[in-house]
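Undergrad:
2 protein chains.
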Amino acid sequence: MDLIKENPLDLLIRRIRAHHPLGVDDQKRILDLPYKIRTIEAQAYIMREGDRPDRCVMLLSGFAFRHKLTGDGSRQIVAIHIPGEAPDFQNLFLEESDHNVQMLTRGVVAEIARESLERLVLENPAVARAVLVFTLVESSIFREWVLNVGRRDARSRIAHLLCEFACRMNAQGLAPNGVYELPMTQEQLADASGLTPVHVNRVLQGLQRDGLMERDRRIIRFVDWEAMRDVADFNERYLHAREFEHGRNSIGLRSGGLAFVN
Amino acid sequence: MDLIKENPLDLLIRRIRAHHPLGVDDQKRILDLPYKIRTIEAQAYIMREGDRPDRCVMLLSGFAFRHKLTGDGSRQIVAIHIPGEAPDFQNLFLEESDHNVQMLTRGVVAEIARESLERLVLENPAVARAVLVFTLVESSIFREWVLNVGRRDARSRIAHLLCEFACRMNAQGLAPNGVYELPMTQEQLADASGLTPVHVNRVLQGLQRDGLMERDRRIIRFVDWEAMRDVADFNERYLHAREFEHGRNSIGLRSGGLAFVN
DNA sequence: CGTACGTTTGATCTTTCTCAATAATGGTGG
DNA sequence: CCACCATTATTGAGAAAGATCAAACGTACG
Chain A
344 MDLIKENPLD LLIRRIRAHH PLGVDDQKRI LDLPYKIRTI EAQAYIMREG
394 DRPDRCVMLL SGFAFRHKLT GDGSRQIVAI HIPGEAPDFQ NLFLEESDHN
444 VQMLTRGVVA EIARESLERL VLENPAVARA VLVFTLVESS IFREWVLNVG
494 RRDARSRIAH LLCEFACRMN AQGLAPNGVY ELPMTQEQLA DASGLTPVHV
544 NRVLQGLQRD GLMERDRRII RFVDWEAMRD VADFNERYLH AREFEHGRNS
594 IGLRSGGLAF VN
Chain B
344 MDLIKENPLD LLIRRIRAHH PLGVDDQKRI LDLPYKIRTI EAQAYIMREG
394 DRPDRCVMLL SGFAFRHKLT GDGSRQIVAI HIPGEAPDFQ NLFLEESDHN
444 VQMLTRGVVA EIARESLERL VLENPAVARA VLVFTLVESS IFREWVLNVG
494 RRDARSRIAH LLCEFACRMN AQGLAPNGVY ELPMTQEQLA DASGLTPVHV
544 NRVLQGLQRD GLMERDRRII RFVDWEAMRD VADFNERYLH AREFEHGRNS
594 IGLRSGGLAF VN
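Here the protein sequences line up with chains A and B, keeping their order. Numbering of the first sequence is given in the working numbering, commencing with residue 344 and proceeding in unit increments. Numbering of the second sequence is given in the working numbering, commencing with residue 344 and proceeding in unit increments.
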């Protein structure tokens, strides 16, 4: 399933329906949304702190990240977005962005103008509910990141990031057999975990040495999911995956494991 | 203005109207919400991780906090709530709470049942918008906390927490002249900043020694707001206070300073 | 084939943690 | 009102995780 080739609004509908039933007219109204497909280069900014959010972006391919800077210029990545993920509603109802959104890799996005999406949300309770839930799940992930960065040591922290990716990539069908590409430099990994690149490097080597995972460039391969989950102190509850199992045969998914667990 | 003595739904209406106009019938429907006033003891849990959120709580008096625990039992406080703040919508549309909510002090809350609030939100676009904005502002605060804990040193981190409180307390009229009570032990401060209590103690003494603030018990008094803001690397943008200036004479408020700045 | 960027390594330095003991404080029952 | 107990705050000394600095090594790509 290539997200770039399909109508991005179908993707949006699918995501909303995964959470909650959607009437035919609601679906029609979604399909009427005007949108624009754009290719964006790696490193390009989608939104900068202080900007007025005037559009909402859906990632059809490529990765993006959100970050903030301290006064002395150090950077904290506060979120990463993988292809196919729900659109960016973080700013849509605020007048001024409080952080930067930047592409991690080159990618293709669908842009929806703020006004039309805003109207859609406010006029369609089913859509409003879905947007609220998307936002709450993102909030939950932020909370887990505060915990991760505030209370876990470097090894757990990195392992946790990797586990979160594994789960989210898996949910998008992008991590067959526990193998996925994490297109981040070690410096970016450091900025996401509140560490230095040097230390990230040593931690990654440690995880590898202990047989928890393998790396080849940016390709991550989980060798021992259970052990990894253990050092990561990872519990997927905060991802609220069950909120998105509506109308799906959820047997197996509810078992708590990933598809690639041996 | 004593929040305990007034109708909590008026408080809710006021908060929503601060953000966006509200029709008379919307207001009526809000006033029809059934609610229950409860006194809660310090340390009592309002919600536990794993619970199904079945009610929404507004803080009329007293302080509360949200936290998560790692597997080995260390705690990270991810949010603090002060009296009069917007209700807790974090969990209202999710099936399972991903964190704990606990009272910091004894306090009085108004409880609104999930179903009635959910219906209100979904049937009234003006309310939906307000709830969305409340949620987005909380999200923004989480992001700032990730930055705070991930990229600032101990001194900045504590100073930043204190500045955030100063602003938020001030917005609720609870910090006259830059003096406010922060009813947290140093251990709780440590859990909010990802430090140890011992180190928090030393940092507080440092801030005091350098003439930035004074302490008497849990009473904080800002002596030099500008200097504090400086070491805190504090920029109130992320609090999105402007989102709540609707219909208010915002001259002075927009100037970026606090009421108690000398 | 050279340049730029990312990764890896080693050595040293700092911040913060840990452990442990002491001093305040607040609240409680008598 | 006082003595006592539990909590919280404070101090000191030593240990450790992670940061910093600097250099070398790879790799991709024009």
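From the three backbone atoms N, C-alpha and C, an ideal C-beta is built for every residue, glycine too. On a predicted model such as this, the values are computed, not experimentally measured, just so you know.
1) Opposite residue 412 of chain A in the DSSP bridges: which residues?
2) I want to verify the contact list: residues of chain A whose CB lies under 7 angstroms from the CB of residue 568 of chain B, in sequence order.
3) For residue 657 of chain A, which residues in chain B fall below 8 angstroms Cβ to Cβ?
4) Determine the burial state of residue 388 of chain B: buried for a count of at least 16 other Cβ atoms within 10 Å of its Cβ, exposed for fewer.
5) Determine which residues of the stretch 394-418 of chain B have a Cβ less than 9 angstroms from any Cβ of chain A, and write them out in chain order.
6) Take residue 491 of chain A and list the residues in its own chain whose beta-carbon comes closer than 6 angstroms to its own, dropping the five residues that flank it on each side.
7) Check whether the stretch 379-395 of chain B touches the stretch 508-515 of chain B, taking contact to mean three or more Cβ pairs, one atom from each stretch, closer than 8 angstroms.
8) Apart from the five residues on each side of it in sequence, which residues of its chain come closer than 7 angstroms, Cβ to Cβ, to residue 546 of chain A?
9) Taking Cβ positions only, does residue 514 of chain B come closer than 8 angstroms to chain A?
10) Output, in sequence order along the chain, the residues in the stretch 464-485 of chain B whose CB is closer than 8 angstroms to any CB in chain A.
11) Taking the alpha helix (DSSP H) that residue 405 of chain A belongs to, which residues open and close that run?
12) Starting from the Cα of residue 368 of chain B, find the closest Cα among B/414, B/466, B/434, B/403 and give me that residue.
13) For residue 579 of chain B, which residues of its own chain have a beta-carbon under 6 angstroms away from its beta-carbon, when the five flanking residues on both sides are left out?
14) Could you check whether the Cβ of residue 594 of chain B sits closer than 8 angstroms to any Cβ belonging to chain A?
15) Determine whether the beta carbon atoms of residue 586 of chain B and residue 444 of chain B lie at a separation below 8 angstroms.
16) Can you tell me the Cα-Cα spacing of residue 520 of chain A and residue 423 of chain A, whole angstroms?
17) Counting along the chain, where does the beta strand (DSSP E) carrying residue 445 of chain A start and finish?
18) For residue 562 of chain B, does the count of other Cβ atoms within 10 angstroms reach 16, so buried, or fall short, so exposed?
19) Quick one, which of B/446, B/528, B/349 has its alpha-carbon nearest residue 407 of chain B's?
20) Give the residues of chain A in contact with residue 436 of chain B, contact being defined as C-beta atoms less than 7 angstroms apart.
21) Output needed for residue 574 of chain A: all residues of its chain with C-beta closer than 8 angstroms, excluding positions within five of it in sequence on either side, in chain order.
22) Residues of chain B with CB closer than 9 angstroms to the CB of residue 445 of chain A, please, in chain order.
23) Spatial neighbours of residue 531 of chain B within its chain, please: CB distance less than 8 angstroms, with the 5 preceding and 5 following residues excluded, ordered by chain position.
24) Rounding to the nearest angstrom, what Cα-Cα distance links residue 564 of chain A and residue 413 of chain B in this structure?
25) For residue 594 of chain B and residue 583 of chain B, I'd like the C-alpha separation in whole angstroms.
TA: Well, looking at it:
1) Sequence index remark: in the first sequence, residue 412 of chain A carries index 69 (1-based). A/418, per the DSSP bridge assignment.
2) Translated into the one-based positions of the second sequence, residue 568 of chain B becomes position 225. Correct list: empty, because the minimum Cβ distance to chain A is about 16 angstroms.
3) The structure shown does not extend to residue 657 of chain A, since chain A is modelled only from 344 to 605, so the question has no answer here.
4) The count along the second sequence starts at 1 and reaches residue 388 of chain B at position 45. So residue 388 of chain B ends up on the exposed side.
5) Those residues of the stretch 394-418 of chain B that come within reach of chain A (Cβ to Cβ, closer than 9 angstroms) are 409, 410, 411, 412, 413, 414, 415, 417, 418.
6) Counting from 1 along the first sequence, the entry for residue 491 of chain A is found at position 148. Cβ-Cβ distances below 6 angstroms link residue 491 of chain A to 500, 503 in the same chain, with the five nearest sequence neighbours on each side left out; the list follows chain order.
7) Judged by Cβ distances under 8 angstroms, the stretch 379-395 of chain B makes no contact with the stretch 508-515 of chain B, as fewer than three pairs qualify.
8) Within the first sequence, the letter at position 203 stands for residue 546 of chain A. Around residue 546 of chain A: 497, 498, 501.
9) Taking the second sequence and counting its residues from 1, the one referred to as residue 514 of chain B is at position 171. No, residue 514 of chain B does not count as interfacial toward chain A.
10) Listed in sequence order: 464, 465, 466, 468, 471, 472, 474, 475, 476, 478, 479, 480, 481, 482, 483, 485.
11) Counting from one through the first sequence, the residue named residue 405 of chain A turns up at place 62. Counting along the chain, residue 405 of chain A sits inside no alpha helix (DSSP H), nor does DSSP assign it H or E at all.
12) As a working mapping, residue 368 of chain B is identified with position 25 in the second sequence. Scanning B/414, B/466, B/434, B/403 for the CA closest to the CA of residue 368 of chain B turns up B/466.
13) Counting from 1 along the second sequence, the entry for residue 579 of chain B is found at position 236. Hits under 6 angstroms: 510.
14) To locate residue 594 of chain B, count along the second sequence from 1; it is residue 251. Its pLDDT being 38, under 50, residue 594 of chain B is placed unreliably in this model, and the value from its coordinates should be taken loosely. No, because no Cβ of chain A sits closer than 8 angstroms to the Cβ of residue 594 of chain B.
15) Indexing the second sequence from 1 puts residue 586 of chain B at position 243. Indexing the second sequence from 1 puts residue 444 of chain B at position 101. Using a Cβ distance threshold of 8 angstroms, residue 586 of chain B and residue 444 of chain B do not count as a contacting pair.
16) Locating residue 520 of chain A in the first sequence gives position 177, counting from the first residue. Locating residue 423 of chain A in the first sequence gives position 80, counting from the first residue. Going by the C-alpha atoms only, they are around 22 angstroms apart.
17) For the purposes of this step, residue 445 of chain A is identified with residue 102 of the first sequence, where counting begins at 1. It spans 443-446 - the beta strand (DSSP E) in which residue 445 of chain A sits, taken as one unbroken run.
18) For the purposes of this step, residue 562 of chain B is identified with residue 219 of the second sequence, where counting begins at 1. In the assembly as shown, residue 562 of chain B is an exposed residue. Its beta-carbon has fewer than 16 other beta-carbons within 10 Å.
19) Counted from its first residue, the second sequence places residue 407 of chain B at position 64. Per the Cα distances, B/446.
20) Mapped onto the second sequence, residue 436 of chain B falls at position 93. Within 7 angstroms Cβ-Cβ: 472, 475, 476, 479.
21) Position 231 of the first sequence, counted from the first residue, corresponds to residue 574 of chain A. 498, 499, 502, 550, 555, listed in sequence order.
22) Taking the first residue of the first sequence as 1, we reach residue 445 of chain A at position 102. For residue 445 of chain A, no chain B residue has a Cβ inside 9 angstroms of its Cβ, as the nearest lies near 14 angstroms away.
23) If you number the second sequence from 1, residue 531 of chain B lands on position 188. Correct list, in chain order: 408, 420, 447.
24) Taking the first residue of the first sequence as 1, we reach residue 564 of chain A at position 221. Taking the first residue of the second sequence as 1, we reach residue 413 of chain B at position 70. Whole-angstrom Cα-Cα distance: 25 angstroms.
25) Counted from its first residue, the second sequence places residue 594 of chain B at position 251. Counted from its first residue, the second sequence places residue 583 of chain B at position 240. Note that residue 594 of chain B scores a pLDDT of 38, beneath 50, so its modelled location is shaky and nothing firm can be said.
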